[in-house]
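Sequences listed follow chains B and U, in order.
Going by this note's numbering, the residue at position 310 of the first sequence is 310; the numbering climbs one at a time, nothing skipped.
Going by this note's numbering, the residue at position 254 of the second sequence is 254; the numbering climbs one at a time, nothing skipped.
No residue lacks a Cβ here, since even glycine has one placed at the ideal position from N, Cα and C.
2 protein chains.
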Amino acid sequence: MASTLHDVAKLAGVSIKTVSNVIHDYPHIRPATRERVEQAIAELGYIPNLTARSLRSGRTGAIALAVPDLGLSYFAELAASVIEAAEEAGVVVLVEQTGGDRDRELDLLRSPRLKMTDGLIFSALGMGQEDVEALDVPYPLVLLGERIFGGPCDHVTMRNVEAARAATEYLIGSGRQRIAVIGAHEGEVIGSAGLRLSGYRQALEVHSLPFDESIIGYTTLWHRANGATCMRELLDRGVEFDAVFGLNDTLALGAMRALQESGRRVPDDVAVVGYDDLDEAQYSIPSLTTVDPGQPWIARTAVQTLLDRIERGDAAGPARQLLAEFSIIERESAPPPIRSGTL
Amino acid sequence: MASTLHDVAKLAGVSIKTVSNVIHDYPHIRPATRERVEQAIAELGYIPNLTARSLRSGRTGAIALAVPDLGLSYFAELAASVIEAAEEAGVVVLVEQTGGDRDRELDLLRSPRLKMTDGLIFSALGMGQEDVEALDVPYPLVLLGERIFGGPCDHVTMRNVEAARAATEYLIGSGRQRIAVIGAHEGEVIGSAGLRLSGYRQALEVHSLPFDESIIGYTTLWHRANGATCMRELLDRGVEFDAVFGLNDTLALGAMRALQESGRRVPDDVAVVGYDDLDEAQYSIPSLTTVDPGQPWIARTAVQTLLDRIERGDAAGPARQLLAEFSIIERESAPPPIRSGTL
DNA sequence: GCGCGAGTCTACAACGTTGTACTCGGCGTA
DNA sequence: TACGCCGAGTACAACGTTGTAGACTCGCGC
C-alpha cells in the first residue's frame, strides 16, 4: 500500500540509496537526477517510514509523558506545555495516565512500551521516597513532582516550601490571623501536601502565630469536590478562621464554593489563596489569588533536560536538580493589604 | 547497552528464534530449554525492542490523537477518556496539538510523524467543509467534531442541533422568554457554533418566539475570558434577557461571572445553560445546568472504531457515522420548572 | 598518457525482530 | 524394515531505512 524507497527508486531508475540521499539533501547529486527522484516521490506520494528509520538510528523522535490524569487541570495544562515545547524541538509526545496509582507508576517505569520513545518525563504521585531505586532505569528519565527527592535521575520541581510560606505570609501581611488549610495529607512530610503544609507552619512560626490542628482540613485526592467537602467539614466543626489556604487551586475553588454556600463572603469574611495558577483561577468569582509555581518553565525545562540527556547519551551523568521560581498572583479572593500613607 | 534477542540467545546457548518462541509462548519447547532462556532473559534484563517488532509486523501499537489544545478543558477530558479507552485495548496514545489552526491541521494529516502510529483520531476545529478531500488519507482515520460532514472517513459526533434545541426548550419550559446566546460565530452554518445556534433557532420557532439578533453574542475562541467579555458587551448594549445559552461550558462560566459582576443574580434574574458537562460545571457557583453530549461514549467509540479499522485493514470500507446520545443535566444555574399540582 | 581527486552513484550490511522453510531424532504403524 | 509424523530446534530472509565502502567517469596537472 504505502510506497517505499524501493518503489521510488524503481520509478526514478536510480538506486534506493540515491533516493535516500535526495531526501536528506546530500549535496553531490546531479540536478537532473534530483529532479527525477523528486518527481517520483511526488507521484507515489512517498512518505518515509519512521519506524524503519528509528530502528536504524536508534532514535524514535518521541518522548513519553506520564501524568496521573489529564482530567486534573494542573496536569492537563502541564501536558499542553510539554507537548508544545516538544513540538518546538521536533519531537512528539506519547501520553500515559497512571491514575496516581503507585503500582501502575512502578509498572510504567518498566514497561516495554517505553521502548517506543527516547525517554520519559514522569510525574509521580503514588510512589514515595521508598521507591527511589525504581527510578534507576536504563533510559533517560526526568522526574517531576514532589514525591521523591535525591533520586538517580534529573528532577525538575518547584519551591513548595518557600512558595507556601510566601502565600501564608501574604495572608498574614494582609491582616489575617487564623488561616485554615484545605487538602493536608495525614502524616505526610514529603509530597506536595507535606511540603506546602510545612511552608505554612514556617510562616506561622516566623510571625509567632500558633499552629492550630483544628483548622487543618485533611483530604486525599485534590479534586474540586473534595475541596468543598473538606471546607464544609471545617464549617460544621464550628471553628473560627479568617482565611483559607487551599493547597492547590481546585481545592481552593471548591472551598470557596462551600464558603459562599454557607453565607460567608470572600474575601470580606474569609480570604482564599490557592496554589498552581490554573487558567480558571483568573475566571472564578471572585478571581483566585494564588501561587504561580512556574509550570511553563517546568515543562520547558523538563523537555530540554530530557532531550539533552538523549542527545548526549550520558545516561550516567550526574543527576540535576532544577527548581522553578514562583510568585504570588494577587487577585480578588485575597487582595493585597491597603497600603496607607507613603506612596 | 540494551540487550537483544541475540545476547539472550548466546547466553542461553540456543538460537535467537528459540528465544523469540519462548517469549511468545510457542508450545513446543522443552521445559529445560524454556527455563534456561527465561533465566537468561531475567539476567540480562532483556526488554523487547518494539521498534523492530513494529517494523517487522507493520503495526506500532500506538494511535495518534490530535486536538486543538489540552488547555481547553473539553479536549483535556476527551484526551483523558481516549487514553483510558486505548489503554484498555492495549495501545498507547500520541497526542498532538494543532491550536485549532487550519494549516496546522492540514499539515498534520500529511505528516510523516503519523507513520509512528497505526491511525489517527482527529478533532478538527480550523478546517471546514471545503477541506473534505484532505481527509482522504492512506491510513485509518476517525474524525471528531462538527466542522466537516460526509467525509471519506469514519466520523463520531454528537447531536448538536437536537441537543441545543433541547437546552433552549428547557429554558423556555422553565418560563424564560428572551434567551441570549454567547459564543456564536458570524455566518457559520456547519461547526459547533453554527449547529448549536441552529438548534436554538429551531426551539424558538417551535415555541413561536422571535429570533432577536441583538441578544446574540459573537466571539471566536471559546475561552472563559471570551465568555465574560462577550457577556459584558451584551450588558453594555442594554438589551434585555432572562436567560443565557452559552454554546459551551467555559463560555457559560465566563458569562456567569460577568453577570454576577454586574449585579445580576443567577438563576433568579438570568438563568444560564452551558454545553459539554465539564467536570467543573458541577462545582461552579451556582452549579451549571448543561448539556451532557456523551463525551465518554464518543471517546470510547472513536477508539473502538479506529482499532476496528486497523484490525480489519479495510481502509476503504464504507465510512461510518456514529452519533452520541445527549441529555440535559439540571443544576442550579437553570433549575427545572416547579411542577405545581399533581403528586 | 597516466594518475588522482572530486563528483556521482551503487551494492551491501546492519538495526532487532518474526515468519517460513528446513533439519534432525525418535516414535508408532504398516 | 520402511515410512511418515511429530516435537524441538535452527537458518535465513525480510520489514524499510541509512552508513560504509567502493565503482565509475570526468577533467586536471604533470
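Taken in chain order, the members of the stretch 40-67 of chain U whose beta-carbon sits within less than 7 Å of a beta-carbon on chain B are Ile-47, Pro-48, Asn-49, Leu-50, Thr-51, Ala-52, Ser-54, Leu-55, Thr-60 and Ala-62. With 16 or more other CB atoms across the displayed protein chains lying within 10 angstroms of its CB, Asp-279 of chain U is buried.
The beta carbon of Asp-279 of chain B sits closer than 8 Å to some beta carbon of chain U. With contacts defined by Cβ atoms closer than 8 Å, Leu-50 of chain U and Pro-112 of chain B form a contacting pair. For a cut-off of 8 Å, the C-beta gap from Tyr-139 of chain B to Leu-120 of chain B is around 7 Å, short enough to register as a contact. If you check the CB distance, Ala-258 of chain U and Val-272 of chain U do not come in under 8 Å. Residue environment: Ala-42 of chain U is assigned as exposed (fewer than 16 neighbouring CB atoms within 10 Å of its CB, all protein chains considered).
Under DSSP, His-155 of chain B forms a beta bridge with B:Leu-143 and B:Gln-321.
Gly-199 of chain U and Asp-212 of chain U have their alpha carbons spaced roughly 15 Å apart.
Taking a Cβ-Cβ threshold of 8 Å, the residues of chain B close to Gly-254 of chain U are Tyr-283, in chain order. Against chain B, a Cβ distance below 7 Å from Asp-69 of chain U picks out Ala-80.
For the stretch 87-104 of chain U, the set of residues with a beta-carbon nearer than 8 Å to any beta-carbon of chain B comprises Glu-87, Val-92, Val-93, Leu-94, Val-95, Glu-96 and Gln-97, in chain order. For Lys-17 of chain B, the closest Cβ of chain U is not nearer than 8 Å.
Note that the stretch 86-102 of chain B does not touch the stretch 7-26 of chain U; fewer than 3 beta-carbon pairs, one per stretch, sit closer than 8 Å. Within the DSSP bridge table, the entry for Gly-274 of chain B names B:Thr-290 as partners. For Ser-20 of chain U, the three-state secondary structure derived from DSSP is helix. Less than 8 Å separates the beta-carbon of Ile-215 of chain B from that of Arg-178 of chain B. Among the residues facing chain B, Lys-115 of chain U is included, as its CB has a counterpart in that chain under 8 Å away. Within the stretch 2-36 of chain U, the residues whose Cβ lies closer than 7 Å to any Cβ of chain B are, in chain order, Ala-2. The C-beta of Pro-112 of chain U comes closer than 8 Å to at least one C-beta of chain B. DSSP lists B:Ala-184 as the beta-bridge partner residues of Tyr-218 of chain B. Shortest Cα-Cα distance from Thr-168 of chain B to any of B:Arg-320, B:Thr-4, B:Leu-5 and B:Ile-328 involves B:Ile-328. With respect to the 8 Å criterion, Glu-105 of chain B and Ala-124 of chain B are classified as neighbours on the basis of their beta carbons. In the structure shown, the three-state DSSP call for Ser-54 of chain B is helix.
For Arg-224 of chain U, the C-beta contacts it makes with chain B under 7 Å involve Glu-280 and Tyr-283, in order along the chain. Less than 8 Å divides the Cβ of Leu-141 of chain U from the Cβ of Phe-122 of chain U. Contact fails between the stretch 317-324 of chain B and the stretch 191-198 of chain B, because fewer than three Cβ pairs, one in each stretch, are under 8 Å apart. Per DSSP, reduced to three states, the secondary structure at Ser-327 of chain B is strand. Counting along the chain, the unbroken beta strand (DSSP E) around Val-67 of chain B starts and ends at 62-67. If you draw a 10 Å sphere on the C-beta of Ser-15 of chain B, you find fewer than 16 other C-beta atoms in it, and that means exposed. With the rule of 3 Cβ pairs closer than 8 Å, the stretch 281-293 of chain U does not count as touching the stretch 234-241 of chain U.
Less than 8 Å separates the beta-carbon of Val-132 of chain B from that of Ile-148 of chain B. Among the CB atoms of chain B, none fall inside 8 Å of the CB of Gln-295 of chain U. Within the same chain, and ignoring the five residues on either side of Ser-262 of chain B in sequence, the residues whose Cβ sits closer than 7 Å to its Cβ are Leu-235. The beta carbon of Leu-204 of chain U is closer than 6 Å to those of Phe-211 in its chain, skipping five residues each way along the sequence. The C-alpha of Val-22 of chain B lies about 29 Å from the C-alpha of Thr-98 of chain U.
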